[in-house]
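Residues in the sequence shown are numbered consecutively from 27, following the numbering used here.
We treat Cβ as the ideally placed atom computed from N, Cα and C, and that holds for glycine.
Values in this document were obtained by computation on a predicted structure and should not be read as measured data.
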Amino acid sequence: MLPSKEVEAVFRGQSRITQRGQVTVPVEVRRRFKLKQGDILCFFEVEGSIFLKLGPMVLTE
Numbered sequence: 027m028l029p030s031k032e033v034e035a036v037f038r039g040q041s042r043i044t045q046r047g048q049v050t051v052p053v054e055v056r057r058r059f060k061l062k063q064g065d066i067l068c069f070f071e072v073e074g075s076i077f078l079k080l081g082p083m084v085l086t087e
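The structure is reproduced here in C-alpha cells:
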C-alpha cells in the first residue's frame, strides 16, 4: 500500500546519492526493517515525492 494524505510520515534518516548513483540506507532503517544485502527496494513516485517499499513487486497490467 502506498502512502496517502491520511498516513503520518516518520522521518528515519537521510542519505546522499554518490557519483555512481548509489544510496546508502541509514543503519536505523536497516535495523528497523531487518534489511540485508540483496534485498530489493522499489521506488514509487507519488505527487512529486519518492517512496520506497521493500520488494520485489510483481507488476500486472
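- Glu54: member of the alpha helix (DSSP H) spanning 53-58, first to last residue.
- According to the DSSP assignment, Phe77 belongs to the beta strand (DSSP E) that extends over 75-80.
- In this structure, the alpha-carbon of Gly47 lies about 12 Å from that of Ser41.
- Annotation for Leu67: the continuous beta strand (DSSP E) segment containing it runs 67-72.
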